[in-house]
Amino acid sequence: MPSAPSTGATAPETAKTKLEVILGADGVSRLEQARVAVFGCGGVGSNCIEALARGGVGTIAIVDKDVVAPSNINRQAIAYHSTVGRRKIDVTQAMIADINPDCRVIARHAFVLAENIEELLAELEDACGGPLDYIVDAIDTVSTKLAIAKLAEERGLALISSMGGANKLHPECLRIADVHKTVNDSLSRIMRKECRKRGIKHLRVLYSCEEPMHLKAREGAARSERSDLGTASFMPPIMGQMIAGEVIRQISGVGVSSDTASALAMHDAAQRGVLGGRKGGGKKSS
-5 MPSAPSTGAT APETAKTKLE VILGADGVSR LEQARVAVFG CGGVGSNCIE
45 ALARGGVGTI AIVDKDVVAP SNINRQAIAY HSTVGRRKID VTQAMIADIN
95 PDCRVIARHA FVLAENIEEL LAELEDACGG PLDYIVDAID TVSTKLAIAK
145 LAEERGLALI SSMGGANKLH PECLRIADVH KTVNDSLSRI MRKECRKRGI
195 KHLRVLYSCE EPMHLKAREG AARSERSDLG TASFMPPIMG QMIAGEVIRQ
245 ISGVGVSSDT ASALAMHDAA QRGVLGGRKG GGKKSS
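If you want it as structure tokens, here you go:
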């Protein structure tokens, strides 16, 4: 029997098929089975969560006890005039559902504290149905960041911690590194010192090696207001996306061993004009 003529129609592309092109079916499957916890739904955390949801992570646990404020609108994925006053976890959960309805969300309206991190982690693992594959620390409090780092190292949990983005303007200076090998970042400097005191030997962080702008505090402002700290609208979102990229690469197993150092070195050499014969580098022969 002759075969039916081809109509030339192809199946419509979906978010999953676009992911499979670069991550492969196995990588996407690993992400679908993964459990990731994000502590903090602010500028870094909310944008990280958005990218994790778009990246096909199967279970995302979110913890935050804040509400959306007008000042959040310049940088947070969940902050709009329409969401001001709402609990961040509620807005975040709705965002995830709108992006990836298949993603299971475990939401906790709670403070993440050094005193409760162990209990909170146990509660999240129980709710998620198993151990977490990755933890993202997107909170600001040093004592809590240290407690998370200590617990993660003791238990062998995969963790990445966000450092500071205040008073910085160049996302090209963002790097993922061990906290003990960071430069030009005040929060990283404090974390390094405190990690040594606590015997924390390794902590993977996202930080900026850019020298921060030095600004004057607003006249009459109390020191606790930290009015000398400002945040560019693009820095926390890019930080969140970069952290999500690291988590997705590590869980999927794709791109983990890419030689990005060589690529960056070639870029730097091109800017200095020492890559003779390459486009953008070297002097033109006479």
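When the letters of the sequence shown are read in order and numbered with the numbering used here, they come out as residues -5 to 280. Beta carbons: idealized from backbone N, C-alpha and C, even for Gly.
Only residues of its own chain outside the window of five on either side were considered, and among them Asp131, Ile133, Ser155, Met185 have a CB closer than 7 Å to the CB of lysine 139, listed in chain order. Within the same chain, and ignoring the five residues on either side of leucine 181 in sequence, the residues whose Cβ sits closer than 8 Å to its Cβ are Val136, Met157, Gly158, Tyr201. Where serine 256 is concerned, the enclosing alpha helix (DSSP H) starts and stops at 254 to 266. Residue range 9 to 26 is occupied by the alpha helix (DSSP H) that includes serine 23.
Burial state of methionine 207 is exposed, judged by a 10 Å Cβ sphere holding fewer than 16 other Cβ atoms. Taking glycine 21 as reference, the option from Gly50, Arg98, Tyr128 with the minimal CA-CA separation is Gly50. Judged by their CB atoms, leucine 223 and alanine 160 are nearer to each other than the 9 Å cut-off.
Arginine 69 sits in coil when the DSSP states are folded into three classes, being neither helix nor strand. Per the C-alpha coordinates, the member of Asn110, Lys144, Ile100 positioned closest to glycine 123 is Ile100. Annotation: the continuous beta strand (DSSP E) that includes valine 32 extends over 29 to 33. Contact annotation: the stretch 228 to 248 touches the stretch 31 to 48, with at least three C-beta pairs closer than 8 Å. In terms of Cβ geometry, arginine 24 and glycine 247 form a close pair [threshold 9 Å]. The C-beta separation of glutamate 148 from asparagine 178 comes to about 30 Å, leaving the pair out of contact by the 8 Å criterion. In this structure, DSSP gives aspartate 172 an extended state, which the three-state scheme calls strand.
For leucine 140, the enclosing alpha helix (DSSP H) covers residues 136 to 149. Contact between the stretch 94 to 111 and the stretch 58 to 70 is present, with at least three C-beta pairs closer than 8 Å. Restricting attention to Gly249, Ala28, Ile43, the CA atom closest to the CA of glycine 52 is found in Ala28. Per the coordinates, the alpha-carbon of serine 252 lies some 19 Å from the alpha-carbon of alanine 263. Judged by DSSP secondary structure, alanine 55 falls within the beta strand (DSSP E) whose first and last residues are 53 to 57.
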